[in-house]
Amino acid sequence: MKIDRRSFLAFGVGGAVGTAITPLPWKLMDDSSIWSQNWPWTPVPLDGAINYQPSVCTLCKGGCGINVRKIDDRPVKIEGLKANPINKGGICLLGLSGLQLLYGEDNRVKSPLKRVGKRGSGKFKKISWQQAITEMVEKLGAIRLKAQSHTLACISETELGTTASLIGRFMTAFGSKNYIRTPSFLDSLEAAILKTTGTSAAQVAFDFENSDYILSFGSGLLEGWGSPVRMFMANSALEDKKGTLAQAEPRLSNTAAKADKWLPVNPGTEADLAFSMCAVIIQKALYNTNFTAAATGLEGFKSFVTANYAPEKIAKSTGIKAEVITRIATSFAKAKNPVAVCGKGSGDTPGSLKESLAIVCLNALVGNINKKGGLWLTSEPDYIKWPEFINDDASTAGLQKNRIDSAQSGKYKDTRFLLNNFADAVLDDYEYPVNALMVYRANPMYTMPDSEKVKKAFEKIPFVMSFSSYMDETALYSDLILPDHVFLERYEDIPFASGYTKPYIGLARPVVDPLFDTMNTGDVIIQIAKRISNSIAGAFPWKDYETCLKETLGSMWAQLESQGFMTDQSYTPPSTVNFTFPDKIADAPAIEGDRGKYLLTLVPVDSIRINCGYIANPPFATKTVDDTVLFENDILVEINPATAKSLGLRDRKKAVLETPKGKASVRVFITDGIMPGVVGMPKGLGHFGYDSYIADKGVNVNALIGSLEDPETGLDAAWGIRAKLSPA
Amino acid sequence: MKDFHEKKYGMVIDLDKCTGCGSCMVACMSENNVPFKEDETKKRLSITWMKVYKFTNGKSFPETEVCYLPRPCMHCEGHGGHSPCVSVCPATATDYSTETGIVSQIYTRCFGCRYCMGACPYHARYFNWWDPVWPKGMEKQLSPNVSPRMRGIVEKCSFCYHRLQLAKEKAYSEGRREVRENEYQTSCTQGCPAGAITFGDLINPKHEVYKLKKDQNAFRLLERLGTNPKVYYISSREWVRRAGDNYLAHEKTGKKQNH
Amino acid sequence: MFPFNFEWIWDISHLVFMGGLWYALGIIGTGMGYCIIKTISDTAQGKGAHHDEHH
Amino acid sequence: MDSALIPVGVKRCSFPKFMLLLGAAGAVLAWGVFAMLLIWIKGLNQTNMNDYYGFAIWIWADLAVIAIGGGAFFSGFLKYIVGKDELKNIINYAVLLGFICYSSALLILAIDIGQPLRGWFIFWHANVHSMLTEVAFCLTCYFIVLTIEYLPLVLENRKLDKIPFFHNLTHNMHETMAVFAATGAFLSFFHQGSLGGVAGVLFGRPFAFREGVLIWPWTFFLFTWSAAAFGPCFTILATKILEKVTGKTLVKFNVIDLLARISGWMMLTYMIAKIADTAYWAFVLAPSKGFDVGFFYTNNEFYGWWILILELVICGIVPALILVTKKGRASKTALTTAVVLAVIGVCLNRWVMVLQVMAVPVMSFDTWATYCPSWQEVATTILPVAYAVILIAISYRYLPIFPQEAELNPIAPEEALADEQESTEETADVAGAEPAAQT
């Protein structure tokens, strides 16, 4: 026993000492550290030759030129394209995150899908393109057979460009007028321009680059409004030339933060403030006499604004002191190239006609319409010239019917699209039901106000199909998904950049072969058209989308292909404008909710760091979102310390936010950067589609707000809703 | 002996132009293979080599003002390369290059003691608390010019050092000894849509940064600590310049240290 | 830690620091070496076979 | 059943009772080891540390155990260099405590680093300018010294001592011990100091930064001094705890008294230096960087002026004054209070120099950092306590740690021979046996 123990001990000690003097432990130590430096689960990117390919970003309406860096055939980084006149090499964070929208497999719809589970359950089965197109042809064919062509509707982000035009043409050939574009602040401005100048189909643009005084009424000029990168550059240019930016907004947004003068105006009274400034300019005779002499109706306008909008009178309701109104109006009018601008936040709500008219009048008074540094009325691109086609009886009958959204006829005959009426129209069967809906580059289930109503409307539509490349909310609620390529995988002409003054066409080009079994929507439309009926097929004489695009662009193709864009930088708008000042303006509708029950006003907050359009925020962009906006999975709403105190709310703590449209659990962020009584709620959160990097984070503000019909245009005039906030 | 090619790369960030849009942050992440997680809202666990700080003048509504301040690594020179982090790293995993003025980080050398993080008053250094995991398909975006980091080590802004290497290779292949100013720009500089960031050699009179750093409104963060950072900021607002350092109540903004 | 490690520089800090280190290790090593050698020799001479008092 | 291993002339509790104690401590140890494995396998995301709090409870624990483990080097220094021979009666225990403290510190460091497999880079790729390098080298070397000092004690076990080689080795090592002790004191001076230097050199952190001599900031000297001053208090405290647990007096009062007196004077002088340093920092150094000292103690949820008062007065000056007075040392309650306060004080100092340093914002627009350890961090920090209980229990049972024990607790000869007999005298409270708790 003793011997054993002793020899065991000796063996152990001897063994340990022996091992220590051999190279083994040292070798193992070295090897293990080398292993830790090359862990197999830490990816090693493949190397290859660096090459760049220019293209155009289509993630928003900005139209920026991009330069995609590739390693052999693999895109690894998106950069701004220096040569592009819009962004001149700059790029926003969404564009920079673009590759995540290409590569993120969990977000992409990788092949045509047919719903098998309940709507919204996310249960789909993979089908072939052959099957998918047959499915579409059968569904749509059946509708036509029943003489219900008009019951097909389409929702799309744009009506411009070849793909959208192909869809539009398909709708017309099919026999439906129900092509509905998603709203924009330009819709309301367009109406104001029509009212004052009689010009229809004018595109409104702002010559910020040459302006020395920008007066903005709640526009998130640095929050994604217009073409975002162009706006950042315009702001820097203004900084360089020591120009002025004045921002009227109840919240200290990035734009307000960069402004030389922040006017914390009571929400919803921006138009009053603008008219009040008109009153000051007229009263002080600071208006541009050259312009007003050529215009009509100044007297009527003068009496209208001086009677109703004198600064003293308006000071209380707007919350801006009369002398401040006077001072800003004076300096605005005295500036060399002043420009006033509207379109709240990132500009995806039209707002009231009153507001648009107010800023158009303000611009008119200082005589800057179609002048350097002012508001420009440019024309829409007109390169799409396709041959006429003959409708068959079914189509002709369908086209006799009014639009489902009440636009383009009756009361709202001058308004082109009224998506805000769509849900009600479906639910109330205005004139006829919607039997089929196609959704192209839009995500109405997410972006339309009053989510609950939209969902009900969708549930009522027997057949919903989406062309989405991503598993977004609308795709989740579709019966059929025919996924488009993403912007880096296809050709696409981009005929404008939102708010940009010069004619511009960009060409997005495939920088990478399609990663999945997707198909260009243009091709899908052509293939469906060819199979539904001969008459529809006749409207689509092209073999495929690319042929169509090349033909359409004609002589421009070569330059677009080599350079990525075409522009006419020497363009100036026609110098004469027949302007008529309005002599009365209907009031904008009051926001929803009882003031007694709902003590606060909820306003949506746009941020450049959260994309609130049809594409959900990619992970990189979400990573930049402050913890005062999103914490864990909770959204934070901004309130003033005074509001917090009166309601007994504590910073970063949970609260319940309630509006007439719904209720949500939130946290509060107490900040001096917002007016007392106002609740600022970030837009772009609360997705339930997409992957776990964005889904279920926060609350969708659209679930809490509704739309409001402008009495003159029918457009959505809502800018907020009454709300109450209570501790959780 | 000092090489006459010696450089001090640095940055000048115009806070009057910075809009806080966050492009620089994403430009950095996408250039440098920075990993991301499902939840990045715990900012002190979130790797952002370039981070945009937001702070106010502390006044209440409506006198409140906001400033955005992008914060890359300051590439502190300290006194003679004695930057706060380099001097404390026990394993020589981070170094100050006297040739370029860039503070490097050797990922395979770092063993994750995090002493450098404690030493850095700018919080420019980040630890890989987790293994980096890219969602399905997204690892295809990784650039071969920057190696992805493994769990358990510290990483930080490198002034896109790999871009300098590529620019040098290009210059040498064209028979030039010197890299041109526009050939070596960091990803954030290139991406900034407001043109607020300028990058170059701080000691080269021909470079834009050389002129900008002499702006009367130029300042650096925490100069009084003697970190001698190579990132300058410009702001026309006094309260912003004052926020750049710490001052006793009676002290005037901009009072420099004796040494 | 060794002159052949590439970060080694023949400067005053390395000489002082590493000098101190190797000096201390040297003393420890020598001390232990002495003890072990002496013990081996003592044991060979048959010391300690009986229970001596050594405190 | 293990009587053959128990030293001659002393009495130990029954083997099952002993195993019960080991089992209880072992359970805690297992919990700690589980947490440790979790951290090694899953990474440091198991902790609540963050990019602002890269140094947290572990680094504090490291600094604290090394400070209280300072009793080993300082009593060694006093015995072998200064020649206070009485201390031979407590030095074994001091060495054991030192060995436990230093091995724990090394283990915690191995858990704390993000890439434990590359930990040796600190030696291989050493940056001689880093305080942490100095810490690592001196710590490791001194740990070797402590092992050398502990080894003869192990070999003195009744059974092992019968092996001639071990017997001779013990003898020879005792002969050369002064050399090792001197080397140990030299190494300790540097690593205790460099641990202080770790915070003091951070010129980016005005709360921690201190000026100094050559490369060493004042905190370097303050740490060495405080370890020498407060370390022996922990030795005394641990002795008191062991005496309480075993129900025996193990060390004569004159030995404790001597150590306490030296410790007291060291503490008093340390406090003077510390207060001078604090005053200079508060009135000159921090303001020169733009900081009003009040800023460090206000506007946050935890760190208030109380922490400064607690450290300097209640756990600094008060125990020092007790220990320098004869009356204070003679009173059992006063002595115990003093050593407890002193141990808290030195641990608090280490806390302030690690956790408060991390908490204070430096950029004017930054905010205070907060941190609360995760259970994994707590478990791995308690792990050394359980390990200490086990090692002390085993060492005490089988090794002649306390030379005066047999003399102070005489036993009847027949009792000594009754190897397997159950002991009835000892009333060790197993549940309350936590002799080496450092907090």
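Protein chains in written order, with the working numbering: chain A, 1 to 728; chain B, 729 to 987; chain C, 988 to 1042; chain D, 1043 to 1481. All C-beta atoms in this analysis are idealised placements derived from N, C-alpha and C, irrespective of residue type, glycine included. Values in this document were obtained by computation on a predicted structure and should not be read as measured data.
Checklist entry - Can you tell me whether DSSP reads D634(A) as helix, strand or coil? => result By 1-based counting over the first sequence, the position of residue 634(A) is 634. Strand.
Checklist entry - Nearest CA to the CA of F170(A): which residue from K413(A), S149(A) and Y614(A)? => result Taking the first sequence and counting its residues from 1, one reaches residue 170(A) at position 170. Comparing Cα-Cα distances from F170(A) to each of K413(A), S149(A) and Y614(A), the minimum goes to S149(A).
Next on the checklist: Pull the bridge partners of F217(A) from the DSSP assignment, please.
Outcome noted: Here residue 217(A) corresponds to residue number 217 of the first sequence, with the count starting at 1. DSSP lists A248(A) as partners of F217(A).
Checklist entry - For Y500(A) versus G226(A), is the C-beta distance shorter than 9 Å? => result Here residue 500(A) is taken as the residue at index 500 of the first sequence, counted from 1. Here residue 226(A) is taken as the residue at index 226 of the first sequence, counted from 1. Result yes, Cβ atoms of Y500(A) and G226(A) sit closer than 9 Å.
Next on the checklist: For A1411(D), would you say it is in contact with chain B, using Cβ-to-Cβ distances shorter than 9 Å as the test?
Outcome noted: Start at 1 with the first residue of the fourth sequence, and residue 1411(D) comes out as number 369. Interface residue, yes.
Next on the checklist: Taking the straight line between their C-alpha atoms, what separation do you get for K1368(D) and A1077(D)?
Outcome noted: The residue labelled residue 1368(D) in the question sits at position 326 within the fourth sequence. The residue labelled residue 1077(D) in the question sits at position 35 within the fourth sequence. Roughly 46 Å between the two C-alpha positions.
Next on the checklist: Short of 6 Å in beta carbon distance, which residues of its chain neighbour R970(B), apart from the five on each side in sequence? Order them along the chain.
Outcome noted: Against the second sequence, residue 970(B) aligns to sequence position 242. Contacts found: T981.
Checklist entry - When the distance is taken between beta carbons, is V511(A) closer than 9 Å to K70(A)? => result On the first sequence, residue 70(A) is found 70 positions in, with the first residue counted as 1. On the first sequence, residue 511(A) is found 511 positions in, with the first residue counted as 1. Closer than 9 Å, so yes.
Checklist entry - Can you tell me the Cα-Cα spacing of A132(A) and G220(A), whole angstroms? => result For the purposes of this step, residue 132(A) is taken as the residue at position 132 of the first sequence. For the purposes of this step, residue 220(A) is taken as the residue at position 220 of the first sequence. Whole-angstrom Cα-Cα distance: 41 Å.
Item to check | Length of the line joining the Cα atoms of R490(A) and D484(A) | outcome: The residue labelled residue 490(A) in the question sits at position 490 within the first sequence. The residue labelled residue 484(A) in the question sits at position 484 within the first sequence. Cα-Cα distance, rounded: 9 Å.
Checklist entry - Hey, would you say the C-beta of L1425(D) is under 8 Å away from at least one heavy atom of the ligand FAD? => result By its list of ligands, the structure shown contains no ligand whatsoever, and the ligand FAD lies outside what it can speak to.
Item to check | W1260(D) burial status per 10 Å Cβ neighbour count (16 or more: buried) | outcome: Sequence index remark: in the fourth sequence, residue 1260(D) carries index 218 (1-based). Burial call: buried.
Checklist entry - Buried or exposed: where does F1295(D) fall if 16 or more other Cβ atoms within 10 Å of its Cβ makes it buried? => result Here residue 1295(D) corresponds to residue number 253 of the fourth sequence, with the count starting at 1. Its Cβ having fewer than 16 others within 10 Å, F1295(D) is exposed.
Checklist entry - Whole alpha helix (DSSP H) runs in the stretch 1152-1190 of chain D with 4 or more residues, listed along the chain? => result 1163-1166
Checklist entry - Within the chosen definition, does the stretch 1371-1391 of chain D reach the stretch 1106-1115 of chain D through at least 3 CB pairs nearer than 8 Å? => result yes
Checklist entry - Hey, I741(B) and Y912(B): beta-carbon distance below 9 Å or not? => result Taking the second sequence and counting its residues from 1, one reaches residue 741(B) at position 13. Taking the second sequence and counting its residues from 1, one reaches residue 912(B) at position 184. Not a contact, by the Cβ cut-off of 9 Å.
Next on the checklist: Do H803(B) and S815(B) count as a contact pair if the criterion is CB distance below 9 Å?
Outcome noted: Within the second sequence, numbered from 1, the residue matching residue 815(B) stands at position 87. Within the second sequence, numbered from 1, the residue matching residue 803(B) stands at position 75. Going by C-beta atoms, S815(B) is not nearer than 9 Å to H803(B).
Checklist entry - Are there three or more Cβ pairs, one per stretch, closer than 8 Å when the stretch 750-757 of chain B is compared with the stretch 910-928 of chain B? => result yes
Checklist entry - Quick one, which of G662(A), A329(A) and N67(A) has its alpha-carbon nearest P311(A)'s? => result Counted from its first residue, the first sequence places residue 311(A) at position 311. For P311(A), the nearest C-alpha among the options comes from A329(A).
Checklist entry - Got a sec: which bits of the stretch 912-923 of chain B sit with their beta carbon under 9 Å from any beta carbon on chain A, in order along the chain? => result S915, Q918, G919, C920, P921, A922 and G923
Checklist entry - Given a threshold of 16 other Cβ atoms within 10 Å of its Cβ, counted over all protein chains shown, does V17(A) qualify as buried or as exposed? => result For the purposes of this step, residue 17(A) is identified with residue 17 of the first sequence, where counting begins at 1. Burial call: exposed.
Checklist entry - Can you name the residues of chain A whose CB is closer than 8 Å to the CB of M739(B)? => result Locating residue 739(B) in the second sequence gives position 11, where the first residue counts as 1. Neighbours of M739(B) on chain A: none; closest Cβ ~16 Å, over 8 Å.
Item to check | Closer than 9 Å to chain D by CB, N974(B) | outcome: Counted from its first residue, the second sequence places residue 974(B) at position 246. Judged by the 9 Å Cβ criterion, N974(B) is in contact with chain D.
Next on the checklist: Please return the same chain residues whose Cβ sits closer than 6 Å to the Cβ of T713(A), not counting the five positions on each side in sequence.
Outcome noted: As a working note, residue 713(A) is residue 713 in the first sequence. Excluding residues within five positions, the ones whose Cβ falls inside 6 Å are A191, L353 and T415.
Item to check | chain B contact for M471(A) (CB, 9 Å cutoff) | outcome: Translated into the one-based positions of the first sequence, residue 471(A) becomes position 471. False, the Cβ-Cβ gap to chain B never drops below 9 Å.
Next on the checklist: Just list the residues that DSSP pairs D742(B) with in beta bridges.
Outcome noted: Reading the second sequence from its first residue, position 14 is the one you call residue 742(B). Note: D742(B) sits in a beta bridge opposite I962(B).
Next on the checklist: I want to see whether chain A comes within less than 9 Å of F1185(D), judged by CB atoms only; does it?
Outcome noted: Along the fourth sequence, one-based indexing puts residue 1185(D) at 143. No, because no Cβ of chain A sits closer than 9 Å to the Cβ of F1185(D).
Next on the checklist: Taking beta-carbon pairs under 9 Å, can you tell me which members of the stretch 876-902 of chain B lie near chain D?
Outcome noted: M878, R879, G880, I881 and V882
Checklist entry - What separation, rounded to the nearest whole angstrom, lies between the Cα atoms of I610(A) and G706(A)? => result If you number the first sequence from 1, residue 610(A) lands on position 610. If you number the first sequence from 1, residue 706(A) lands on position 706. Rounded to whole angstroms, I610(A) to G706(A) spans 21 Å at the Cα level.
Item to check | Any C-beta of chain D under 9 Å from that of P812(B) | outcome: Stepping through the second sequence from its first residue, residue 812(B) is reached at position 84. With 9 Å as the cut-off, P812(B) counts as an interface residue toward chain D.
Checklist entry - Got a sec? Which residues, its chain only, sit under 6 Å from V1251(D) by beta carbon, not counting five neighbours each side? => result Counting from one through the fourth sequence, the residue named residue 1251(D) turns up at place 209. Sequence check: residue 1251(D) is Phe here, not Val. Result list for F1251(D): L1244 and F1245, in chain order.
Item to check | chain C contacts made by the stretch 1161-1175 of chain D, where a contact means CB separation under 7 Å | outcome: F1165, W1166, H1167, A1168, V1170 and H1171
Item to check | Proximal residues to L1138(D) (C-beta, below 6 Å), its chain only, five neighbours per side dropped | outcome: Position 96 of the fourth sequence, counted from the first residue, corresponds to residue 1138(D). Cβ neighbours of L1138(D) beyond the five flanking positions: S1437.
Checklist entry - For the stretch 562-573 of chain A against the stretch 503-510 of chain A, are there 3 or more C-beta pairs whose distance is under 8 Å? => result yes
Item to check | Contacts that S32(A) makes with chain D (C-beta to C-beta distance below 8 Å) | outcome: Mapped onto the first sequence, residue 32(A) falls at position 32. Chain D residues near S32(A): L1159.
Checklist entry - Which term fits V603(A), buried or exposed, when burial requires 16 or more other beta carbons within 10 angstroms of its beta carbon? => result Here residue 603(A) refers to the residue found at position 603 of the first sequence. Its Cβ being crowded by 16 or more others within 10 Å, V603(A) is buried.
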